[in-house]
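For the sequence shown, numbering that gives the first Met the number 0 gives the first residue as 0, with consecutive numbering after it.
Below is one structure, written out as structure tokens; the observations come after it.
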Amino acid sequence: MKLIAVSVYGEDKPGIVYSISEVLAENNVNIVDIEQTVLQGMFLMFIVGDVEKCKISLEELEKKLKDRGEKIGVTVHVAPFERKKQREKKLYQITIIGKDRVGIVRDVTKILFQHGINIEKTSLTARDQLISITFLVDVREANPEEVKRQLKEEVEKTGLDIVIQPYEIAKKQKRLIVFDMDSTLIENEIIDELAKAAGVEEEVRKLTEKAMSGEIDFETALRERVRLLKGLPVEVLEKIYSEIKLTEGAKELIQALKESGYKVALVSGGFTYFTEKLKEELGLDYAFGNELEIKDGKLTGEIKGRIIDAEEKARIIKEIAEKEGISEENIVAVGDGANDRIMVKNAGLGIAFNAKKVLKEIADGTISKENLIGLASVLGLSEKFFKKRIE
């Protein structure tokens, strides 16, 4: 097989692909590969053609193509093409999210280059000042897990968020997304708000920090904190819920997920009083939390039923997935602390949101507090929120 490469670029208009392909067909050149896009109003196309049975010489073919290009107002370049033996690639999809600034592409591609990673494809979309850049890369001979660890650390130093997925998993449509509640779907830490109302803020804060960082087990910390809330009137819970602030972009994101056919679940180590209200307000499919015991209109300082810790979260998600007929690789889990580590690690895509180090280390990617809506780009919902940037 004798091959040529034909590149075409110019101002976009109808009929370019037809005009160029017509010249090739008329002269018995078979197109074996083609890639075409429009970028910022500019048409770009690359064709690999088999000229083994071409009716005319390559010089004549090149002249005809260039003449046709001049006639329709585009530039055509023709060159010999040698097909190289393809080795097996280790493809990953890397999505970078952050506030727009000069030098982002340079900073990220420098890191990729330093790790010997080859970029196969790049696309950039934007939502106001928030941009999302997706790279399809071949990690080549590098150890993927070590590359993921180093990239997360190095990209984070540049002030950007990064999500890294094996391409085979990234291209599969996710069907279930599971959110933690406190400091994830909502900006508040409910237990801290309750503690403030009960006058035990400092004691509870110390226990919360130890639990979130993994220093003490979740169940022990939870029971000790709830005991400190004994006697708190239930009216206080209603007041706290009325003052809850959803994380920026959460409502829009959940609406888009629902419209795209996702099952959306809230699985929290927080309390059912709040998870059930959020389920109703946001139209969630599932909501789970720990149930505070209430007697005579006041908290007893005890918890009813099972404790939702890291292991229980994972079990609940498995139950939901089995009920809905959804496989593990089609699950997205988003959380912020040690209590989310198992669900984030087991999910097809695990996101550490505004998270502690213990969770970042095992997640597929990290997203900052102000960039939650960027998850839409990672999940391919970008048409609703992100668009090709036109300056």
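We put the beta carbon where it would ideally sit given N, CA and C, even for glycine.
From a predicted model like this one, the values you see are computed outputs, not experimental measurements.
1) Could you give the first and the last residue of the continuous beta strand (DSSP E) run that contains L90?
2) Use the C-beta contact count for F112: other C-beta atoms within 10 angstroms, 16 or more gives buried, fewer gives exposed.
3) Alpha helix (DSSP H) containing Y17: first to last residue?
4) Over what stretch of residues does the beta strand (DSSP E) that includes D137 continue unbroken?
5) Just reading off the alpha helix (DSSP H) that E69 is part of, what are its end residues?
6) Compare the Cα-Cα distances from G115 to each of A309, V136 and T124 and report the closest residue.
7) Along the chain, where does the alpha helix (DSSP H) that runs through P232 open and close?
8) Under a Cβ-count criterion, where at least 16 other Cβ atoms within 10 Å of its own Cβ denotes burial, should L227 be classed as buried or exposed?
9) Measure the alpha-carbon distance for T365 versus A375 and round it to whole angstroms.
10) Can you tell me where the alpha helix (DSSP H) holding I341 begins and where it ends?
11) What's the call for T133, buried or exposed, on a 16-neighbour Cβ count within 10 Å?
12) What residues in its chain sit with their C-beta under 7 Å from that of V263, if we drop five residues either side in the sequence?
13) Based on the DSSP secondary-structure assignment, which residues constitute the bridge partners of Y285?
14) Would A313 pass as an interface residue toward chain D - the criterion being a Cβ-Cβ separation below 8 Å?
15) Nearest CA to the CA of P232: which residue from L291, R224, G213 and K276?
16) For a test of the three-state rule: what should DSSP assign to K120, helix, strand or coil?
17) Going by beta-carbon coordinates alone, are I189 and G269 separated by less than 8 Å?
18) In three-state DSSP terms, what is E214?
19) Residues in the same chain with beta-carbon distance under 7 Å from E51, minus the five sequence neighbours each way, listed in chain order, please.
20) Would you tell me roughly how many angstroms separate the C-alpha atoms of T157 and D106, rounded to the nearest one?
21) Are the beta-carbon atoms of V16 and M44 separated by less than 8 Å?
22) Measuring straight from C-alpha to C-alpha, what distance separates A99 and N345?
23) At which residue ranges does the region 141-166 contain complete alpha helix (DSSP H) runs of 4 or more residues, listed in the order of the chain?
24) Considering only DSSP beta bridges, list what M0 is partnered with.
25) Within 10 angstroms of its Cβ, does E311 collect 16 or more other Cβ (buried), or is it exposed?
26) Hey, quick one: how far does the beta strand (DSSP E) through Q35 stretch, first residue to last?
27) What do you get for I389, buried or exposed, if any count of 16 or more other CB atoms within 10 angstroms of its CB means buried?
28) Could you have a look at E188 and say whether DSSP puts it in helix, strand or coil?
29) Taking just the CA atoms, how far does T124 sit from L380?
30) Tell me, please, which residues DSSP counts as bridged to G48.
31) Would you call E192 buried or exposed, if buried means 16 or more other Cβ atoms sit within 10 Å of its Cβ?
32) By DSSP, does A362 sit in helix, in strand, or in coil?
33) Return the chain-ordered list of same chain residues with a C-beta closer than 6 Å to the C-beta of N29, the five sequence neighbours on each side being excluded.
34) I'd like the span of the beta strand (DSSP E) that includes K404, first residue to last.
35) Roughly how many angstroms separate the alpha carbons of T207 and E247, rounded to a whole number?
36) Could you tell me which residues DSSP puts in a beta bridge with R126?
To lay it out plainly:
1) Note, L90: beta strand (DSSP E), L90 to K98.
2) F112 is classed as exposed because its beta carbon has fewer than 16 other beta carbons within 10 Å across all chains shown.
3) Y17 -> alpha helix (DSSP H) spans I15 to E25.
4) L129 to D137 is the span of the beta strand (DSSP E), which, as asked, contains D137.
5) Residue range L57 to I71 is occupied by the alpha helix (DSSP H) that includes E69.
6) It is V136 whose Cα lies nearest to the Cα of G115.
7) Unbroken run through P232: none, as it is neither H nor E.
8) It counts as buried.
9) Cα atoms of T365 and A375: separation of roughly 14 Å, rounded to the nearest angstrom.
10) Element bounds for I341: R340 to N345.
11) Burial state of T133 is buried, judged by a 10 Å Cβ sphere holding 16 or more other Cβ atoms.
12) Cβ neighbours of V263 beyond the five flanking positions: I176, I253, L256, K257, L283 and D284.
13) Note: Y285 sits in a beta bridge opposite A264.
14) Any reference to chain D falls outside this structure, which holds one protein chain only.
15) Restricting attention to L291, R224, G213 and K276, the CA atom closest to the CA of P232 is found in L291.
16) Residue state, collapsed to three classes: strand.
17) Yes; because the gap between Cβ atoms is below 8 Å, this pair is in contact.
18) Look at E214 here: in three-state DSSP terms it is coil, with no helix or strand label.
19) Around E51, the same chain offers M0 and K1 as residues with beta carbons nearer than 7 Å, after the five sequence neighbours per side are excluded.
20) Here the alpha carbons of D106 and T157 stand approximately 8 Å from one another.
21) In this structure, V16 sits near M44, with a CB-CB distance shorter than 8 Å.
22) Looking at the sequence itself, residue 99 is Asp, so the reference to Ala does not match. In a straight line, the C-alpha of D99 is about 32 Å away from that of N345.
23) Complete alpha helix (DSSP H) runs here, min 4: 143-156.
24) Answer is none; M0 lacks a bridge partner.
25) Its Cβ being crowded by 16 or more others within 10 Å, E311 is buried.
26) That run of the beta strand (DSSP E) goes N29 to L38.
27) Reliability fails at I389, whose pLDDT of 48 lies under 50, so the model's placement of it is uncertain and the value that follows must be treated cautiously. Counting Cβ neighbours within 10 Å, I389 comes out exposed, since fewer than 16 surround it.
28) In the three-state scheme derived from DSSP, where H, G and I count as helix and E and B as strand, E188 is classed as coil.
29) L380 and T124 have their C-alpha atoms spaced approximately 12 Å apart.
30) G48 is bridged to I3 and I30.
31) Buried, since its Cβ has 16 or more Cβ neighbours within 10 Å.
32) DSSP, reduced to helix, strand and coil, places A362 outside both helices and strands of the structure shown, so it counts as coil.
33) Once the five neighbours on either side are set aside, the close Cβ partners of N29 are D49.
34) Only positions 0 to 390 of the chain appear in the structure, and residue 404 is not among them; the question remains open.
35) Pairing T207 with E247, the inter-Cα distance amounts to about 23 Å.
36) Answer is L129.
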